[in-house]
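Under the numbering used here, the first residue of the sequence shown carries the number 2, and numbering increases by one thereafter. Note that CB positions come from ideal geometry on N, CA and C, so glycine has one too. A quick note: this is a predicted structure, and the numbers were derived from the prediction, not measured. First the structure, in the form of structure tokens, and then the observations on it.
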Amino acid sequence: MVDLSVKLGDISLKNPVLTASGTFGYGEEYADFVDLDRLGGFIVKGTTLEPREGNDYPRMAETPSGMLNAVGLQNKGVDYFIEHIYPRIRHYDSEILVNVSGKCVEDYVAVCEKLSSLDKIQAVEINISCPNVKQGGMAYGTTCDGAAEVTSAVRKAWPRHMMVKLSPNVTSIADIARAVEAAGADSVSLINTLLGMAVDVERRRPYLSTVTGGLSGAAVKPIAVRMVWQVAKAVNIPVVGLGGIMNGRDALEFIMAGATAIEVGTANFIDPSVTMKVIDEITDFCDRQGVRSITELIGII
Numbered sequence: 002m003v004d005l006s007v008k009l010g011d012i013s014l015k016n017p018v019l020t021a022s023g024t025f026g027y028g029e030e031y032a033d034f035v036d037l038d039r040l041g042g043f044i045v046k047g048t049t050l051e052p053r054e055g056n057d058y059p060r061m062a063e064t065p066s067g068m069l070n071a072v073g074l075q076n077k078g079v080d081y082f083i084e085h086i087y088p089r090i091r092h093y094d095s096e097i098l099v100n101v102s103g104k105c106v107e108d109y110v111a112v113c114e115k116l117s118s119l120d121k122i123q124a125v126e127i128n129i130s131c132p133n134v135k136q137g138g139m140a141y142g143t144t145c146d147g148a149a150e151v152t153s154a155v156r157k158a159w160p161r162h163m164m165v166k167l168s169p170n171v172t173s174i175a176d177i178a179r180a181v182e183a184a185g186a187d188s189v190s191l192i193n194t195l196l197g198m199a200v201d202v203e204r205r206r207p208y209l210s211t212v213t214g215g216l217s218g219a220a221v222k223p224i225a226v227r228m229v230w231q232v233a234k235a236v237n238i239p240v241v242g243l244g245g246i247m248n249g250r251d252a253l254e255f256i257m258a259g260a261t262a263i264e265v266g267t268a269n270f271i272d273p274s275v276t277m278k279v280i281d282e283i284t285d286f287c288d289r290q291g292v293r294s295i296t297e298l299i300g301i302i
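Below is the structure:
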């Protein structure tokens with residue numbers, strides 16, 4: 002038997018497989034395809050203080066080995082989540098994390114204060130790295146001071162595990178990681194999408210209404226693995242890796258590079274049951290290699 006359990010700070014996960022925010026809805030949308038209780042956890046879509054309509058269409062475009070998105074954090078707000086979504090998902094036997102975003106520091110704090118009353122939500126993922134909003138988002142995640150400001154403010158309002166999601170659109174992601182660690186983060190997740198653009202040459206215009214958007218999918222994996230490796234060497238808190246994970250072997254690359262857990266994102270759009278396959282493939286690999294615990298592989302590079 003292979004022990005896939007990992008410790009994300011003070012949180013115990015039955016396995017290292019999480020789902021990436023924005024690619025898995027609120028979890029319940031995938032219940033026909035995935036045994037949600039088998040997941041280490043799932044991260045619900047980005048949640049803001051007030052409802053957001055998101056950006057104008059078109060806001061998604063397929064690219065070679067990936068996709069661009071400019072959804073813009075469309076959601077019905079934290080109060081709707083608390084009143085309507087949480088009661089429907091709180092029974093699942095997996096960790097539920099809420100991805101939190103805001104247009105100002107006070108928004109992040111207010112959302113976390115509201116979520117703190119929910120006993121099932123033991124962790125939040127603070128999104129300071131979304132490239133698809135005009136206010137907040139990546140504006141905080143591209144400087145050490147901005148990242149630390151949000152992290153420090155949320156730390157005072159949120160009593161449980163705080164993961165901070167980092168942007169790859171920076172000069173040194175290790176410096177940003179060290180800044181949020183010093184400001185009180187319990188873990189970091191990376192990478193969020195890379196800023197990209199695609200042009201429809203026949204119509205002579207960008208594919209996306211916002212011109213630029215976030216690039217995800219297999220194309221970004223080598224960059225993501227490199228950044229996870231760099232950050233894992235730079236901080237003493239757990240690192241959660243994501244970016245182009247399509248199968249178990251991809252997940253193992255991140256784990257060997259230093260990730261305690263991983264998030265599966267864009268692959269959920271291609272195969273709604275992919276997370277189950279990732280868990281099985283990690284298990285099979287460990288079985289063949291004589292690895293008794295997945296922790297033996299974390300950061301061996």
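Boundaries (first-last residue) of the alpha helix (DSSP H) holding residue i
i, result
"Leu253", "Gly249 to Ala258"
"Glu107", "Val106 to Leu116"
"Met277", "Val275 to Gln290"
"Val202", "Neither: Val202 is in no alpha helix (DSSP H) and is coded neither H nor E."
"Val181", "Ile174 to Ala183"
"Ile90", "Tyr87 to Ile90"
The beta strand (DSSP E) enclosing residue i, as first and last residue numbers
i, result
"Gly128", "Per the sequence shown, the amino acid found at residue 128 is Asn instead of Gly. Where Asn128 is concerned, the enclosing beta strand (DSSP E) stretches over Ala124 to Asn128."
"Val265", "Ala262 to Val265"
"Asn100", "Glu96 to Val101"
"Gly242", "Val240 to Leu243"
"Val236", "That residue, Val236, is in no beta strand (DSSP E); it is neither H nor E in DSSP."
"Phe43", "Gly42 to Thr48"
"Gly147", "Segment Cys145 to Ala158 is the alpha helix (DSSP H) holding Gly147; no beta strand (DSSP E) there."
"Ile12", "Ile12 to Leu14"
"Met198", "Leu195 to Met198"
Per DSSP, the bridge partner or partners of residue i
i, result
"Thr64", "Gly67"
"Asn76", "Arg53"
"Gly28", "According to DSSP, Gly28 bridges with nothing at all."
"Thr20", "Phe43 and Val265"
"Val189", "Val165 and Val240"
Proximity below 7 Å, CB of residue i to CB of residue j
i, j, result
"Leu167", "Asp108", "no"
"Ser22", "Gly47", "yes"
"Leu298", "Ser188", "no"
"Asn100", "Asn128", "yes"
"Met257", "Ile302", "yes"
"Glu114", "Ala158", "yes"
"Gly26", "Gly218", "no"
Beta-carbon separation (whole angstroms), residue i vs residue j, contact threshold 8 Å
i, j, result
"Ser153", "Gly142", "Between Gly142 and Ser153 the Cβ distance is about 14 Å, and since that is not below 8 Å, they are no contact."
"Leu209", "Arg53", "At roughly 17 Å, the Cβ-Cβ gap does not stay under 8 Å, so Leu209 and Arg53 are not in contact."
"Gly242", "Ala260", "3 Å"
"Asn269", "Thr24", "5 Å"
"His162", "Ile12", "5 Å"
Test: residue i CB closer than 7 Å to a CB of chain C
i, result
"Glu150", "Among the chains in the structure shown there is no chain C, since it carries only a single protein chain."
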